[in-house]
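K.L.:
For the record, in the sequence shown the residue sitting at position 110 is 112 according to my numbering, with numbers rising by one throughout.
I have a structure here, written as structure tokens, and I will follow up with some questions on it.
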Amino acid sequence: MILGLIEHDRGMLNEMSLEMLTFGRDLANRLNLPLEAVLIGEGANALAEGLQAYGVSKVHLVQHPRLDDYAPEAWAQSVVELIESEKPQAVMASGTDRGNEVLAYVGARTNLPMAANCTEVEPGDPYTVTRVRWGGSLLEEAHLTGEPKLLTVAPFMIPVEEGEAAGELVLNTVTPALDDKDFRVRVVERVKSTGDTVSLTDARVVVGGGRGVGSSEGFESLDELAALLEGAVGCSRAVTNQGWRPHADQIGQTGARIAPDLYIACGISGAIQHTVGCKGAKQILVINADPEAPILSKAGYAVIGDLHEVVPVLNAEIKKLKNQ
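So this is what it looks like as structure tokens:
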């Protein structure tokens, strides 16, 4: 069977896991194998029934008194024990920070290779995988060996599709043998953001600011635009390096990866590290004074001009439409 690790945060499903299940179901169908899933922590049990709509025939519910929040080594050990008992042909997760982290630990504990950020897979011995490398600038074809095969699925690359599983959903509750060393790294506290009420990863509209914004005060018009569009504000790494916005607002290879309906990039040149983070956007509007800015090649629409003049006018027009 093919086993998929479902990523969640205290029972809230990460949508990237549905992309992974779509990818995994295609592989399972080609191999004529069942698709199964693993949910870790009691808070995730309520998600089990919904997974059948994506082709999952069996869900392994991993429960343990100390699995009340994320602990990468404990999650990995839980997967390792399922590998030993269930003998899957492949184990996959979404190519998020958490998915890559857990499967990297699994690989270390089983002495198996792991292929990260895959977009295609051709089963065989070995598997042939296509994966995203160098911040999205290169697609690499590689051979993946090992029993089972460990791989993660590149975010925002696989359209989510539902698919029926044969028969009734089977639930299998397991309790892993975990000890203190499995909880050396764990989430012990959460600090709520004081910024946007809409998170970057969930927002349907994201307004991004780069070095061209000029200062932290320069983000006031961008904050207003995001509020008018019920969106969130993000930024480039150059902005966080200057201390104008917190790292939590950063979009890019070392920040958040977004997939809004609309991304408005203001004063952003478009280094590859940033475009990796926003390539999941359905539409990109660029506001930039530089007609040669690299990000223009990614844009569906562009306004060539000073963002400090363009954005306030845009805000005013939106207010008129909203009768504000």
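All C-beta atoms in this analysis are idealised placements derived from N, C-alpha and C, irrespective of residue type, glycine included.
In this structure, how does DSSP classify D198 when only helix, strand and coil are distinguished?
P.N.:
A caution first: D198 carries a pLDDT of 48, below 50, which makes its placement in the model too unreliable to give a value.
K.L.:
Answer with buried or exposed for V187, where buried requires no fewer than 16 other C-beta atoms within 10 angstroms of its C-beta.
P.N.:
It is exposed - the Cβ of V187 has fewer than 16 other Cβ atoms within 10 Å.
K.L.:
Tell me which same chain residues have a C-beta within less than 7 Å of the C-beta of R32, skipping the five on either side of it?
P.N.:
Counting only Cβ-Cβ distances below 7 Å, and skipping sequence neighbours, we find P125.
K.L.:
Given the structure, does R12 come close to the ligand GDP, in the sense that its CB is under 7 Å from one of the ligand's heavy atoms?
P.N.:
Absence of the ligand GDP is noted for the structure shown, with no ligands found whatsoever.
K.L.:
As an exercise, report each continuous beta strand (DSSP E) stretch of at least 3 residues that is fully enclosed by the stretch 221-251, in chain order.
P.N.:
Correct list: 234-237.
K.L.:
First and last residue of the alpha helix (DSSP H) that includes G109?
P.N.:
Start and end: 99-112.
K.L.:
Run the CB neighbour count on M22, radius 10 Å, all protein chains shown included, and call it buried at 16 or more, exposed below.
P.N.:
Result: buried.
K.L.:
Taking the C-alpha atoms as reference points, what is the distance between A283 and G97?
P.N.:
Using only the alpha carbons, I get a separation of about 17 Å.
K.L.:
If you draw a straight line from the alpha carbon of F1 to that of N243, how long is it in whole angstroms?
P.N.:
With the chain covering only 3 through 326, there is no way to say anything about residue 1.
K.L.:
A156 to V278, Cα distance in whole Å?
P.N.:
For A156 and V278, the distance between alpha carbons rounds to 11 Å.
K.L.:
In this structure, does DSSP put E219 in helix, strand or coil?
P.N.:
Residue state, collapsed to three classes: helix.
K.L.:
Once the 5 residues before and after L20 are set aside, which same chain residues still bring their CB inside 8 Å of it?
P.N.:
The residues are Y56, V162.
K.L.:
Figure out for me which residue from D181, G214, F221, A228 has the closest Cα to the Cα of V200.
P.N.:
Residue A228 is the option with its Cα nearest to V200.
K.L.:
Helix, strand or coil for D184, going by three-state DSSP, please let me know.
P.N.:
The answer is helix: DSSP assigns D184 an H, G or I state.
K.L.:
Quick check: the Cα distance between E17 and L35, rounded to an integer number of angstroms?
P.N.:
Looking at the two C-alpha atoms, the distance is approximately 24 Å.
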